[in-house]
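Quick notes on the structure that follows.
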């Protein structure tokens with residue numbers, strides 16, 4: 001009995017073999033890079049400009065004001081007007097959320113530095129003031145464009161295009177494209193993530209799986225397009241794009257319109273027209 | 275108190291800039307350890323207050339002007355080393371963007387206003403707070419201590435600036451014995467600097483410090499390093515109160531234009547030549563920085579409008595700079611165990 005128990009206590013041979021499995025090193029940089037790129041695009045599509053408050057203008061007014069400021073800033077020959085726009089842009093920039101502020105400043109400063117580099121011959125020839133004027137103008141214009149883009153959700157921004165009498169079909173296409181980019185980006189990210197997790201050790205078929213990722217995304221896109229088309233048909237879509245309530249005129253817009261008039265007056269006074 | 279370009283010899287500027295390097299390194303380390311990331315934007319707001327306070331010029335008997343700095347105020351709210359960083363950034367902005375204070379003299383200006391002033395002010399403030407009588411009103415004692423500390427501190431900074439001006443003609447002269455840089459010796463510069471600061475500028479500093487500190491303690495108690503445990507609601511109320519105060523200061527900034535004339539030691543080189551009867555060579559032919567908005571003036575715009583816009587730009591840039599510093603800096607604050 002005791003012997004039987006001793007034998008039973010012995011572990012089988014296969015269980016005693018040393019199994020120290022260490023997966024072979026493999027390169028998966030293309031998955032990492034693809035995931036990073038897709039995640040970057042998705043992050044950029046995400047609204048990061050903070051919540052609107054009582055004095056925020058509606059999207060169409062914001063778009064018109066932004067364009068007006070950029071056009072006036074470009075036409076101005078007086079440096080004082082550019083500095084006036086710089087003051088407005090800096091104040092709005094200071095109120096942006098952290099990430100939006102960093103992005104706005106990086107883009108504007110990058111553009112201004114690039115223009116200063118392009119103007120380097122002018123600086124060397126003793127025309128430093130014109131280089132400074134151009135650099136400041138570029139900084140202000142890019143800042144205003146970035147502020148409008150970052151502080152307005154994309155759906156409102158495309159809807160605001162109606163203020164410029166852009167055809168409805170065009171706005172609808174842009175809206176659908178943006179939404180699809182976001183949805184399909186999420187799908188691509190999930191498929192790439194699962195590919196990365198399933199590839200334990202050396203996986204020689206990983207490269208060919210990239211085609212599979214594209215295929216999955218394409219199939220999803222087709223399905224999404226069909227679903228959207230069916231949904232539009234079911235709801236009796238006739239080509240009219242209805243502007244959401246958030247794009248309606250707000251009381252604060254009157255204040256911003258007054259600000260725009262003041263800006264135009266300041267431009268005319270500084271340019272010597274008035 | 276902003277020493278302009280070429281009033282100090284390059285060697286004096288070099289020595290003072292070199293003296294400031296370890297101060298900045300130590301201050302950066304201490305700020306990382308003591309100021310949490312979420313308080314950094316508020317430090318930017320404090321720097322903006324200092325920037326605005328420096329735009330309020332007050333007339334001093336004798337035809338010159340002076341201004342407050344608010345260095346002691348920032349030191350009380352955020353600590354002396356945080357004040358050093360905040361004031362250094364504000365002074366850099368003034369020098370680069372507005373041509374107020376020289377680029378070469380940046381180290382000297384930082385030594386006087388960003389190092390001596392907050393350190394002396396904070397030292398006196400803490401000493402007075404330790405000696406306050408038991409049972410005395412806490413807020414009143416604090417305001418009295420802040421007023422005395424800020425008054426003494428700005429005079430200490432003015433004394434340093436006076437000494438820096440005054441040693442120039444003693445150390446740097448040409449073959450004819452004429453001064454190369456600031457032409458006024460110690461026995462002229464020190465009394466001249468102190469006369470303005472012991473009277474009007476010192477009083478302005480004390481009024482600004484006490485006024486803003488009283489407002490902060492009542493309307494924005496979570497503003498400053500002591501408000502770490504404040505709830506989000508309190509913090510947002512404090513931020514709103516401080517933003518309102520800043521807007522009020524920006525609107526009132528043109529009052530600083532009522533004082534005519536330059537501050538002592540901040541004249542144009544031609545004015546110095548006319549006053550002393552010769553042109554100090556280093557002062558009149560030295561390197562000059564072309565500022566983007568010289569003398570807070572926007573050219574075609576009226577002076578008051580240029581002054582307000584300069585205040586807006588300066589305050590916004592300081593807030594942006596400190597928000598970016600908060601985003602990029604590493605957090606090392608030890609909050610202890612709960």
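Residue numbers (our numbering), protein chains in the order written: chain E, 1 to 274; chain B, 275 to 612. We treat Cβ as the ideally placed atom computed from N, Cα and C, and that holds for glycine.
- At the C-beta level, residue 88/E and residue 111/E stay beyond 7 Å of one another.
- Per DSSP, the continuous alpha helix (DSSP H) segment holding residue 171/E begins and ends at 168 to 198.
- For residue 474/B, there is no enclosing beta strand (DSSP E), as DSSP marks it with neither H nor E.
- Chain-order list of chain B residues neighbouring residue 98/E: 597 and 601, by C-beta distance under 7 Å.
- Leaving aside the five residues that flank residue 149/E on each side, the residues in its chain whose CB is nearer than 8 Å to its CB run, in chain order, 157.
- For residue 131/E, the closest Cβ of chain B is not nearer than 7 Å.
- Residue 165/E: not part of any alpha helix (DSSP H); DSSP gives it neither H nor E.
- Contact between the region 479 to 496 of chain B and the region 286 to 298 of chain B is not established, with fewer than three Cβ pairs separated by less than 8 Å.
- Residue 287/B counts as buried, since at least 16 other C-beta atoms from the protein chains shown sit within 10 angstroms of its C-beta.
- In this structure, the beta-carbon distance from residue 349/B to residue 357/B falls below 7 Å.
- Scanning chain E for C-beta atoms nearer than 7 Å to the C-beta of residue 593/B yields 94, reported in chain order.
- For residue 340/B, the enclosing beta strand (DSSP E) stretches over residues 338 to 341.
- In this model, residue 480/B and residue 345/B are separated by some 11 Å (Cα to Cα).
- Any Cβ of chain B closer than 7 Å to the Cβ of residue 142/E would place that residue at the interface, and such an atom is absent.
- A check of alpha carbon separations from residue 444/B across 432/B, 459/B, 430/B and 434/B identifies 459/B as the nearest.
- Within chain B, no residue has its CB atom less than 7 Å from the CB of residue 138/E, the nearest being about 14 Å off.
- For residue 25/E, the secondary structure class from DSSP, reduced to helix, strand or coil, is coil.
- With a contact defined as Cβ atoms closer than 8 Å, residue 470/B and residue 538/B qualify at about 6 Å.
- For residue 267/E, no chain B residue has a Cβ inside 7 Å of its Cβ, as the nearest lies near 11 Å away.
- With respect to residue 72/E, residue 260/E sits apart: the two C-beta atoms are not nearer than 7 Å.
- No Cβ of chain E is located within less than 7 Å of the beta carbon of residue 340/B.
- Secondary structure at residue 278/B: coil, using DSSP grouped into helix, strand and coil.
- Taking 7 Å as the cut-off, the beta carbon of residue 592/B is found closer than this to the beta carbon of residue 322/B.
- If you compare the alpha carbons of 291/B, 333/B and 359/B with that of residue 305/B, the shortest gap goes to 359/B.
- By the criterion of at least three beta-carbon pairs nearer than 8 Å, the region 326 to 335 of chain B is in contact with the region 521 to 539 of chain B.
- Only residues of its own chain outside the window of five on either side were considered, and among them 332, 333, 334, 335 and 340 have a CB closer than 8 Å to the CB of residue 474/B, listed in chain order.
- Here the C-alpha atom of residue 327/B lies approximately 24 Å from the C-alpha atom of residue 463/B.
- Assignment of residue 333/B by DSSP, reduced to helix, strand and coil, places it in the strand class.
- Residues 319, 494 and 497 of the same chain have their beta carbon placed closer than 6 Å to that of residue 516/B, with the five preceding and five following residues left out of the count.
- At the C-beta level, residue 160/E and residue 57/E stay beyond 7 Å of one another.
- Contact check for residue 109/E and residue 139/E: beta-carbon distance about 7 Å, within the 8 Å limit, so the pair qualifies.
- Interface annotation for the region 552 to 573 of chain B against chain E: 564, 566, 567, 572 and 573, criterion Cβ-Cβ distance under 8 Å.
- By the Cβ criterion, the region 30 to 44 of chain E is in contact with the region 177 to 193 of chain E, since at least three pairs of Cβ atoms, one from each stretch, lie closer than 8 Å.
- Residue-level contact by beta carbon fails for residue 523/B and chain E, as no gap is shorter than 7 Å.
- Put simply, the backbone Cα of residue 442/B is about 47 Å away from that of residue 96/E.
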